[in-house]
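Undergrad: Quick note, this note's numbering runs 126 ahead of the 1-based positions in the sequence shown.
Attaching a single structure in structure tokens format; questions to follow.
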Amino acid sequence: MREPIVQRYPGNPILTPDDIPYPVETVHNAGVTRHEGRYIMLFRAHRGNGRSIVGLAKSDDGYRFTPCPKPFLLPATAGFHAEYEEFGVEDPRICALEDEYLITYSAYSRHGVRIALARTRDFDSVERVGLISQADMRNTVLFPGRFDGRYARLDRPHSEISPWSIWISYSRDLVHWGDSRVVMKPVPYHWDEMKIGPGATPIRTDRGWLHIYHGVVPTMDGAVYRLGVALHDLEDPAHVLGVCDRWILQPEDPWEVTGYVHNVVFTCGAVPEEDGTVKVYWGGADKVMCVGTAVLEELVDLCLEESRPPL
Ligand code: BMA
Numbered sequence: 127m128r129e130p131i132v133q134r135y136p137g138n139p140i141l142t143p144d145d146i147p148y149p150v151e152t153v154h155n156a157g158v159t160r161h162e163g164r165y166i167m168l169f170r171a172h173r174g175n176g177r178s179i180v181g182l183a184k185s186d187d188g189y190r191f192t193p194c195p196k197p198f199l200l201p202a203t204a205g206f207h208a209e210y211e212e213f214g215v216e217d218p219r220i221c222a223l224e225d226e227y228l229i230t231y232s233a234y235s236r237h238g239v240r241i242a243l244a245r246t247r248d249f250d251s252v253e254r255v256g257l258i259s260q261a262d263m264r265n266t267v268l269f270p271g272r273f274d275g276r277y278a279r280l281d282r283p284h285s286e287i288s289p290w291s292i293w294i295s296y297s298r299d300l301v302h303w304g305d306s307r308v309v310m311k312p313v314p315y316h317w318d319e320m321k322i323g324p325g326a327t328p329i330r331t332d333r334g335w336l337h338i339y340h341g342v343v344p345t346m347d348g349a350v351y352r353l354g355v356a357l358h359d360l361e362d363p364a365h366v367l368g369v370c371d372r373w374i375l376q377p378e379d380p381w382e383v384t385g386y387v388h389n390v391v392f393t394c395g396a397v398p399e400e401d402g403t404v405k406v407y408w409g410g411a412d413k414v415m416c417v418g419t420a421v422l423e424e425l426v427d428l429c430l431e432e433s434r435p436p437l
């Protein structure tokens, strides 16, 4: 048997609804980053009405998290965002860029799902920057870098035309985006054949930007969500250097197989460490948060040595 690519933390799940000091049904799909020597987690939580909010938890070691007494981001009730966040805010990703943290999340409303952008410097206060996509876009990660002065992002439109594929877009001001092109597609009769979507904020390595994404396959028992890895060129992130043919993580633990939605591992964040490992965070069955570690160089090797075509 091969060694697992992602070593699960034996203390999983690391955060559950019972740990949260306000009423929630789920704790999952969290963006994670480092701030002033601590780990900051922004997690998605369903309320009892089935709509989501974003909560905050902090940790000294990246494993044991303490939730803050109040939610971090509730759907806006006034201003331009209110109309587009009516049904909830979901799946936050955090990108540390220059002197601030940029947070992308899905804003749901009767008009569909759009990508919203917020910023913070301290995780005490948060400012909404704008809605940065039209309807039917979600799963947006920003690259923690600029390319010829431009910001870059990966996202995932809902579309049958180029089915649930990953696209790249660029912006000079974080609000207006364009120059879009498709960079990665699902592969027929494959673990990611139904849809793929950006996962964790890409991580800079010597050999490229490592992107941990999710892939979905339909089965007679419902859809199964797994995680895979792709490597993007450092200077030209539209160029995918390699996508690993096999998944790196699939639902196996009881809290990944059974929960709010069965058979889901879904990532919104991974934190690289100085020792060459990366802490990968994922939601288990849309109900709890889990963590595991992988060796960054091994993930890069997988992209380059066990590749399937990106398109
Ligand atoms: C997707 C999103 C994710 C969720 C996944 C599995 O469409 O809603 O937030 O984790 O489905 O239910």
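Glycine included, each C-beta is placed from N, C-alpha and C at the ideal position.
All of these numbers come straight from a predicted model, not from anything done at the bench.
E211 to I258, Cα distance in whole Å?
TA: Cα-Cα distance, rounded: 13 angstroms.
Undergrad: Which whole-angstrom value describes the C-beta separation of V414 and G385, a residue pair presumed to lie in contact below a C-beta threshold of 8 angstroms?
TA: Their Cβ separation, rounded to whole angstroms, is 7 angstroms, which keeps V414 and G385 in contact under 8 angstroms.
Undergrad: Confirm the yes/no value for this check: CB of N155, any heavy atom of the ligand BMA, distance under 6 angstroms.
TA: Result yes, Cβ under 6 angstroms from the ligand BMA.
Undergrad: V387: beta carbon under 6 angstroms from a heavy atom of the ligand COA?
TA: Absence of the ligand COA is noted for the structure shown, with the ligand BMA being the only ligands found.
Undergrad: What separation, rounded to the nearest whole angstrom, lies between the Cα atoms of P195 and Y315?
TA: One C-alpha to the other measures close to 45 angstroms.
Undergrad: Indicate, with yes or no, if the ligand BMA has a heavy atom lying under 6 angstroms from the CB of V215.
TA: V215 Cβ: outside cutoff for every heavy atom of the ligand BMA.
Undergrad: Counting only C-beta atoms, is V426 closer than 7 angstroms to chain C at any point?
TA: Given the protein chain composition of this structure (a single chain), no chain C is represented.
Undergrad: Who are the Cβ neighbours of A420 in its own chain at under 8 angstroms, not counting the five residues just before and after it?
TA: These residues qualify, in order along the chain: I131, V132, Q133, I374, T403, V404 and V406.
Undergrad: Near I146, which residues of its chain fall below 8 angstroms by C-beta distance, leaving aside the five closest residues on each side in sequence?
TA: V153, A171, G181 and P193.
Undergrad: Pick out whichever of P197, I179, G205 and I220 has its Cα sitting closest to the Cα of Y165.
TA: Nearest option by C-alpha distance: I220.
Undergrad: Using the DSSP secondary-structure output, state which residues sit across from K321 in a beta bridge.
TA: Paired residues: V342.
Undergrad: In or out: Y148 buried (at least 16 other Cβ within 10 Å) or exposed?
TA: Answer is exposed; the Cβ neighbour count stays below 16.
Undergrad: Determine the extent of the alpha helix (DSSP H) in which P201 is found, giving its start and end residues.
TA: Run containing P201: none; DSSP gives neither H nor E here.
Undergrad: At the level of alpha carbons, what is the spacing between A349 and L357?
TA: Approximately 25 angstroms, taken between the alpha carbons.
Undergrad: Measuring CB atoms only, is the region 237-245 touching the region 314-330, in the sense that at least three cross pairs come out at less than 8 angstroms?
TA: No, because fewer than three Cβ pairs between the region 237-245 and the region 314-330 fall closer than 8 angstroms, the two stretches do not touch.
Undergrad: Answer with buried or exposed for G163, where buried requires no fewer than 16 other C-beta atoms within 10 angstroms of its C-beta.
TA: Counting Cβ neighbours within 10 Å, G163 comes out exposed, since fewer than 16 surround it.
Undergrad: For T159, I'd like the list of residues in its chain whose CB is within less than 6 angstroms of its CB, leaving aside the five on either flank, ordered along the chain.
TA: Within the same chain, T159 has close Cβ partners I166, I220 and A222.
Undergrad: Anyone know if the C-beta pair for D438 and E432 falls short of 7 angstroms?
TA: Absent from the model: residue 438. The displayed extent of the chain is 127 to 437, so no value can be given.
Undergrad: Report the rounded CA-to-CA distance for A156 versus M263, giving the unit in angstroms.
TA: Distance between the alpha carbons of A156 and M263: 18 angstroms.
Undergrad: Please report the straight-line C-alpha distance between H237 and A204, rounded to a whole angstrom.
TA: Taking the straight line joining both Cα atoms gives about 17 angstroms.
Undergrad: Hey, could you find the ends of the alpha helix (DSSP H) D262 is sitting in?
TA: Counting along the chain, D262 falls outside any alpha helix (DSSP H), and DSSP gives it neither H nor E.
Undergrad: What would DSSP say about P283, mapped onto helix, strand or coil?
TA: It is a strand residue.
Undergrad: At the level of alpha carbons, what is the spacing between L268 and Y234?
TA: Approximately 20 angstroms, taken between the alpha carbons.
Undergrad: Below 6 angstroms CB to CB, which residues in the same chain sit around R352 once its five sequence neighbours on both sides are set aside?
TA: Around R352: W317, G341, W373 and Q376.
Undergrad: Any heavy atom of the ligand BMA inside 6 angstroms of the beta-carbon of V391?
TA: Result no, Cβ not under 6 angstroms from the ligand BMA.
Undergrad: Can you give me the Cβ contacts of D305 inside the same chain, cut-off strictly under 7 angstroms, excluding the 5 residues immediately before and after it?
TA: Taken in chain order, the residues that qualify are S295 and Y296.
Undergrad: Is D412 near the ligand BMA, going by C-beta to nearest heavy atom under 6 angstroms?
TA: Because some heavy atom of the ligand BMA lies under 6 angstroms away, the Cβ of D412 counts as near it: yes.
Undergrad: With DSSP as the reference, label V426 as helix, strand or coil.
TA: The answer is helix: DSSP assigns V426 an H, G or I state.
Undergrad: Enumerated in chain order, which unbroken segments of the beta strand (DSSP E) with a length of 3 residues or greater are wholly contained in the region 216-250?
TA: Within the region 216-250, the complete beta strand (DSSP E) runs of at least 3 residues are 226-235 and 238-246.
Undergrad: Could you tell me the distance, in whole angstroms, from the CA atom of D250 to the CA atom of W290?
TA: Spanning the two alpha carbons is a distance of roughly 35 angstroms.
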